[in-house]
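Remarks on the structure that follows.
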Amino acid sequence: MASATETTANAIPAAARITAPRRTVTAHRIVFAIMLAVFIVAPLAGVYPVFMMKVMCFALFACAFNLLLGFGGLLSFGHAMFFGMAGYVTAHAAKIWGFTPELAIVLGILCATVMGWVVGVLAIRRQGIYFAMITLALAQMVFFFSLQVPFTHGEDGIQAVPRGSLFGLIDLNNTFNMYCFVLAIFVLGFGAIYRIIHSPFGQILQAIRENEERVVSLGYDASKFKLRAFVLSAALSGMAGGTKDILFQLASLTDVHWTMSGDVVLMTLIGGMGTIFGPVLGAAVVVSMQNYLAELGSWVTVVQGAIFVVVVLMFRRGIVGEIGHRIKKTL
Amino acid sequence: MEIFGVPIQAMMGQLLIGLINGSFYALLSLGLAVIFGMLNIINFAHGALYMMGAFTAYLLLHFLGLNYWWALVFTPLIIGGVGVIIERTMLRHLYKLDHIYGLLLTFGLALVIEGLFRNKYGSTGLPYAIPSQLAGGQNLGFMFLPNYRGWVIIASAVVCLATWFFIERTRLGGYLRAATENPDLVQAFGINVPLMITLTFAFGAGLAGLAGVMAAPIYQVSPQMGSDLIIVVFAVVVIGGMGSILGAILTGFMLGVLEGLTKVFYPEASTTVIFVAMVLVLLVRPAGLFGTQK
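Those protein sequence lines, which keep their order, are chains P and D.
Going left to right, the first sequence walks through residues 696 to 1026 as the working numbering numbers them.
Going left to right, the second sequence walks through residues 113 to 406 as the working numbering numbers them.
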């Protein structure tokens, strides 16, 4: 058994080297540097910092979702439950129990991890399209739960959550400190996802997406890999949700509603599913759209729906996927 | 008279509401199952089509003066027509792709349709009167049965069984089942499979529209009436499994009743009981009650 694990551990990095040649890695470094520069320069150039922080939270959420859809081929239509519920737990811990923000977020991540495990165990019992329906149904259950239990305060949500002081030292009510904190969380989460995708585990995950039977025939337990990917994705979604609620000092029902699950699918689809940087761009596009079209009311829903239709019919690679296709690199 | 400390009237009342909800679950999950069998697409817009059905009945009444009975005839045709347009212009480009694209596209469509109706009619519900022939009710001694509700249960059961008979017992239904198994072979026998696919989607859409008309006098006609329902119907479909027509119908009615009974004994759980049932079924019988694992 031990020797079998060793062989797999040796065999797969070789494959990883084949799929990610040095020039692609260089391209990734360049794009990452540009992305980081944008996030650092934007508030200095006069973009509203809270808007940028919101983009980063949703970018992390979309990247976590893309880890599952783009690299595992699993469409979850209920990711809002991890995002929203982690947010509730974080907000509750920070406000009622007086946790420092980083501990509150860790608690939120823990909650999302446990939920991810439970939901994952149930959902991977069925394949393909059923997987999407099961995750959606379970997320709806979590929504009704959030509507009814007292600690979430139903329609009001958990309001006036204190941002608190990071490690009890750095005051997050200061916008500059908060910005650095959110940026650090985003880079940490993004780096973790990048590492996961390019690890032996990530390679097997992508192999399962391409041809599950073949991976099983090679002796891998596909369900175990899918479950781990699901839990990781849920945990990182929880990290995004907790950070967002500390930022806005509010945990609300909209974050557990199915429309939020739809939003994260849209972000990933616009940017390009299965790309590394696509979800970040997709999140920026969707958040900007929701911000600047807010006065149009429910036309935003119409526009979002129309984008879904157009992207699925004509633009399935997404923006970053299309660029990557033109320059023949996976970005 | 009481059962487990609950007055029998209250119990029967909730059971009736359960059966009504079950009728709609059955009609919608039946349509989803028929469409999935033929197109391999889960139609997320099914709830939106149901909502459009209710609005069509409302608009027919207010602009053309056509009453409920005319709406019952015309609405399925109109919504079926919408289905033809959706299938011909969009869905047919997706058949060679992964299943998830069909779900994503119809999800987008559902957002567009719901958003458009919300822009025009707002979020508050519009009333639709019960047809005069079905006003009033029967006193059954142990409960009061409003005529309209009895009509909905019977009508939807008849429509469901007729669909089952059509698909499982007629020649055309046989073609349909054969095309579900192997479209290329059926096409080689000279049957127009693309047309059959279009008509199947139109039929499923028409069923959703019919459900919408029947729902209009019971619930208020509102733009978001479909989206909440469709998620429950998805759970129903997961529980039943999409392999069997009769299974979809039975599961729909059964879960409606289960939901009604939960309202009597533990009201807090009534919104989640169907999802809990789904979890239990997944644990015990992952392929669904009537399904076979694909």
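Virtual Cβ for every residue (Gly too), placed ideally from N, Cα, C.
The beta carbon of Gly338(D) lies closer than 6 Å to those of Gly159, Ala160, Tyr162 and Met163 in the same chain, with the five residues before and after it left out.
Restricting attention to alpha helix (DSSP H) runs no shorter than 4 residues, the region 729 to 785 of chain P encloses them at 744 to 767, ordered along the chain.
Fewer than three pairs of CB atoms, one per stretch, sit closer than 8 Å, so the region 806 to 825 of chain P makes no contact with the region 357 to 364 of chain D. If you draw a 10 Å sphere on the C-beta of Glu990(P), you find fewer than 16 other C-beta atoms in it, and that means exposed. Here the region 230 to 250 of chain D does not lie against the region 119 to 132 of chain D, with fewer than 3 beta-carbon pairs under 8 Å apart. Here DSSP, grouped into helix, strand and coil, assigns Leu864(P) to coil. In this model, Tyr783(P) and Ile853(P) are separated by some 7 Å (Cα to Cα). In the DSSP assignment, Phe136(D) falls within the alpha helix (DSSP H) that extends over Ile120 to Leu151. Sequence-distant Cβ neighbours of Trp182(D) in its own chain, meaning closer than 7 Å and more than five residues away, are Leu172. The alpha-carbon of Val388(D) is positioned some 14 Å away from that of Leu373(D). In the pairwise beta carbon analysis, the region 951 to 969 of chain P is classified as touching the region 752 to 763 of chain P: at least three pairs are separated by under 8 Å.
Under the Cβ distance rule, Ala347(D) counts among the residues neighbouring chain P, one pair being separated by less than 7 Å. Closest option to Met984(P), judged by alpha-carbon separation, among Pro738(P), Asp958(P) and Ala930(P): Asp958(P).
Met326(D) has its alpha-carbon roughly 12 Å from the corresponding atom of Gly262(D). Cβ-Cβ distances below 7 Å link Met390(D) to Ala347, Val350 and Ile351 in the same chain, with the five nearest sequence neighbours on each side left out; the list follows chain order.
Burial is judged here by how many other beta carbons sit within 10 angstroms of a residue's own beta carbon; Ser912(P) has fewer than 16 and is exposed. Using beta-carbon distances, Val350(D) counts as an interface residue toward chain P, with a partner under 7 Å.
Under the 7 Å criterion on CB atoms, Gly227(D) is classed as interfacial with respect to chain P. In the DSSP assignment, Ala946(P) is bridged to Ile853(P).
In this structure, Ala274(D) keeps its C-beta atom at 7 Å or more from the C-beta atom of Gly195(D). Beta-bridge partners assigned by DSSP to Asn251(D): Phe256(D). At a cut-off of 7 Å between C-beta atoms, Thr363(D) does not count as an interface residue with respect to chain P. In the three-state reduction of the DSSP assignment, Val298(D) falls in the helix class, which pools H, G and I. The beta carbon of Thr996(P) falls within 7 Å of a beta carbon belonging to chain D, placing the residue at that interface.
Gly220(D) belongs to the set of residues whose beta carbon lies under 7 Å from a beta carbon in chain P. Burial state of Asn761(P) is buried, judged by a 10 Å Cβ sphere holding 16 or more other Cβ atoms. From the beta-carbon of Gln843(P), the residues of chain D found nearer than 7 Å are Glu380. Contact annotation for Asn133(D) against chain P: no contact, minimum CB-CB distance about 15 Å [criterion: below 7 Å]. At least one beta carbon of chain P lies nearer than 7 Å to the beta carbon of Leu216(D).
Residues of the region 235 to 250 of chain D with a C-beta atom less than 8 Å from some C-beta of chain P do not occur.
Short of 7 Å from the beta carbon of Ile191(D), and not among the five residues preceding or following it, lie these beta carbons of its own chain, in chain order: Leu161, Met164, Gly165, Thr168, Ala317, Gly318, Ala320 and Gly321.
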